[in-house]
Each structure stands twice: as C-alpha cells, then as structure tokens.
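Visitor: I am attaching a structure below and will ask some questions about it afterwards.
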Ligand code: NDP
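Numbering (our numbering), first residue to last: 100 to 381.
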C-alpha cells in the first residue's frame, strides 16, 4: 500500500509550532499579530472559508479583525478600506476573500494590498519575488504542498515533477516552488498534447485541473508520488479530488487523500504567512 500523506496531521503539527511561536513572541517581545479579513457579500462557501480562517487565528493566538461588506459594495469603497488597513500599524496581514462580486475587479484589489501584508501571496510583487528567488509571501496551497512533501520525507531535488494546471494561485506558483527546490519541472495544461505520456514521466505528480477523478492509473508512473489539489462535491455530498484515489493508490508510492490531504494545509500556511508578516513588521 502507498504512503497516505496525511494533511490533517501535518497541518496540526504546523499549527502547534505556530501557536508556540506566537505565544513566545507575545511573552518575550510583546508582539501581537493581527490579520484583517475582508468578505464582500455572503456567498455561503466564502463564509465557511472565512469562518475557518478566523477559527485558526483564534487557536494560534492571532487576532483577527473581520470586515463583512455588503454585496453591492463599490470597488472604490473596498480600495478605501484596504488603504486604511495598509496604513494601520496594528494590522500585519490583509486577506480579501475571493471571489468578489462582478462590479469589483479582483486584480485591482489584489494590487492595492501592501505586499508586506499580502499574506495570500497573490500580489504581482510577491509572485515576481518567487519567480526570481527573492523573499516574499508564497501562495498558501502550493506552499502547503512543499511542506507535505518535506515532512513526509519525500525528496524533491533532482526529481522529475509534473504539475497539471497553470492557474495563478496553484499551478504556476507550484511549478516555481518545485523549481526552487531543485526539481526538474514540467507544467501541463488543457492544450498539452499526449498528456498521459507527459504525466507518466513524473516522479512527483501534482494535479490541479479542477476535473473530478480525471487522473486514473494510466496517467501515473509506477511508484510515483501523487498530490491531488482538486476538491469537488458529488451529488451525494461526498468530497473527491482530481485524482481517482482508489484507481491510482495501488500503483503509486505515496498519495494525498481528498479530503484530508492538501486542503487542511492551505489555512496552516496562511497562518504561517501571518506570523512571518507579524515578525517582519515589528
Ligand atoms: P483553474 O480552473 O483556475 O485551473 C485549472 C487548470 O487546469 C488550468 O490551467 C487548465 O488549463 C488546466 N486543465 C483543465 N482541463 C485540463 C485537461 N483536460 N488537461 C490538462 N489540463 C487541464 O483551477 P485552480 O488551479 O484554481 O484549482 C484547481 C483545483 O484545485 C480545483 O478543483 C479547486 O477547487 C482546487 N483548489 C483546492 C485548493 C485547496 O486548498 N485544496 C485551493 C485552490 C484550488 P488552461 O490554463 O489551458 O485552461
């Protein structure tokens, strides 16, 4: 049987380490860390994500400030709030929950956040810093995947890695992080020809396509490590990923389940970015 990479256990470890760090910062240096969370409208999925982020903050000892804005909020009003938070010395991190209503341009909003407080790692300056190997905040889901691999004792350097998907929040930063870890990286996408031939080269296969159970064993080399970023809910309300777990598990050496694999790591890494922002800003 393959190693089942347990994101619940690893994210819990990271949260414990952060909790200790935050307590120590408070006690020894009098530093309190504060995350401002902005939600526009009341999309139920966004409310769940925001609630989970606030819960994680409370557990670790990070103060969270909540801004719940009406669905019809104008871009100008949102930018005004971000500007105030950028200048608020008590605020270390700013998170704007996506997606935003249609009247607001997400790129403009992301660019308005001070890169020093960009704990989601979406600002072009943060992405550029990652690209040229300089310090900066890294998008939380791919950063979490690197932690899953490292903490499971999986070597990345020198390995052939294939990332399926090239979104700005998962695929592209994932490829850059793997490159930073000295892997040989291929990025595949919807126009890639002979996808199975490409994915079968991978020692480490990261899948972020947003298509339920698309990756079956025909896409996987014997003994590969398979990381499934996808999250989908079927008609019966059951969660599944982009990888057909039951089909792929027997041929790989390690695999992340859905749920309980990559998902829990995203919030843990957001908390990590908040702590880093707090340390850098004090
Ligand atoms: P996007 O829809 O933004 O990107 C999907 C990518 O997959 C695109 O680059 C697309 O290519 C590529 N793709 C689509 N179909 C195919 C195909 N048939 N063959 C090869 N490539 C294909 O998705 P995200 O990156 O935002 O998310 C991916 C999945 O991960 C989703 O299920 C999402 O819910 C989940 N997710 C999970 C998170 C977590 O915390 N666990 C966080 C973020 C996302 P092209 O660019 O050519 O269109």
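Virtual Cβ for every residue (Gly too), placed ideally from N, Cα, C.
Nothing here was measured: the structure is a model prediction, and the numbers come from that model.
From the DSSP output, which residues share a beta bridge with residue 166?
Guide: Looking at the DSSP assignment, residue 166 forms a beta bridge with 137.
Visitor: Taking the alpha helix (DSSP H) that residue 373 belongs to, which residues open and close that run?
Guide: Taken as a continuous stretch (DSSP letters only), the alpha helix (DSSP H) holding residue 373 covers 362-380.
Visitor: Does the distance from the C-beta atom of residue 351 to that of residue 132 stay below 8 Å?
Guide: No, they are not a contact pair.
Visitor: In the structure shown, what three-state DSSP assignment does residue 384 receive?
Guide: Residue 384 lies beyond the residue range present for the chain, which begins at 100 and ends at 381; the question has no answer from this structure.
Visitor: Should the segment 319-328 be regarded as contacting the segment 341-359, the criterion being three or more beta carbon pairs within less than 8 Å?
Guide: In short, these stretches touch, since the Cβ pair count reaches three.
Visitor: I'd like the ranges of any beta strand (DSSP E) spanning at least 3 consecutive residues and lying wholly in the segment 278-305.
Guide: Fully enclosed beta strand (DSSP E) runs of 3 or longer: 283-287.
Visitor: Kindly indicate which three-state DSSP category residue 171 falls into: helix, strand or coil?
Guide: Here residue 171 sits in coil by DSSP.
Visitor: Roughly how many angstroms lie between the CA atoms of residue 151 and residue 218, to the nearest whole one?
Guide: So the two alpha carbons sit approximately 16 Å from each other.
Visitor: Could you pull out every residue in the same chain whose Cβ sits closer than 6 Å to the Cβ of residue 266, ignoring the five residues on either side in sequence?
Guide: Nothing listed; no residue qualifies.
Visitor: State the start and end residues of the unbroken beta strand (DSSP E) segment that holds residue 126.
Guide: Looking at the DSSP string, residue 126 is not in any beta strand (DSSP E); the run it does join, the alpha helix (DSSP H), is 106-128.
Visitor: Exposed or buried, residue 302, counting other C-beta atoms within 10 Å across all chains shown (16 or more means buried)?
Guide: Buried is the call here.
Visitor: How many angstroms separate the CA atom of residue 347 from the CA atom of residue 356?
Guide: So the two alpha carbons sit approximately 11 Å from each other.
Visitor: Should residue 289 be labelled buried (16 or more other beta-carbon atoms within 10 Å of its own) or exposed?
Guide: By the neighbour-count rule (16 or more Cβ atoms within 10 Å), residue 289 is not buried but exposed.
Visitor: Please report the straight-line C-alpha distance between residue 363 and residue 110, rounded to a whole angstrom.
Guide: Distance between the alpha carbons of residue 363 and residue 110 is about 6 Å.
Visitor: Closer than 7 Å between the C-beta and any heavy atom of the ligand NDP: which residues qualify, listed along the chain?
Guide: Selection output, chain order preserved: 240, 263, 264, 265, 266, 268, 269, 270, 287, 288, 289, 290, 291, 294, 307, 308, 309, 310, 313, 328, 329, 330, 331, 341, 361, 362, 365.
Visitor: If contact is defined by three or more beta carbon pairs under 8 Å, each pair taking one atom from either stretch, is the segment 201-210 in contact with the segment 323-338?
Guide: Touching, no, given that fewer than three Cβ pairs across the two stretches are closer than 8 Å.
Visitor: Does the segment 179-191 come close enough to the segment 119-126 to have 3 or more Cβ pairs within less than 8 Å?
Guide: Cβ pair count under 8 Å is below three, so no.
Visitor: Beta-carbon separation of residue 277 and residue 253 under 8 Å?
Guide: No. Outside cutoff.
Visitor: On the CB-based measure, 16 or more other CB atoms within 10 Å of its CB, does residue 225 come out buried or exposed?
Guide: Buried is the call here.
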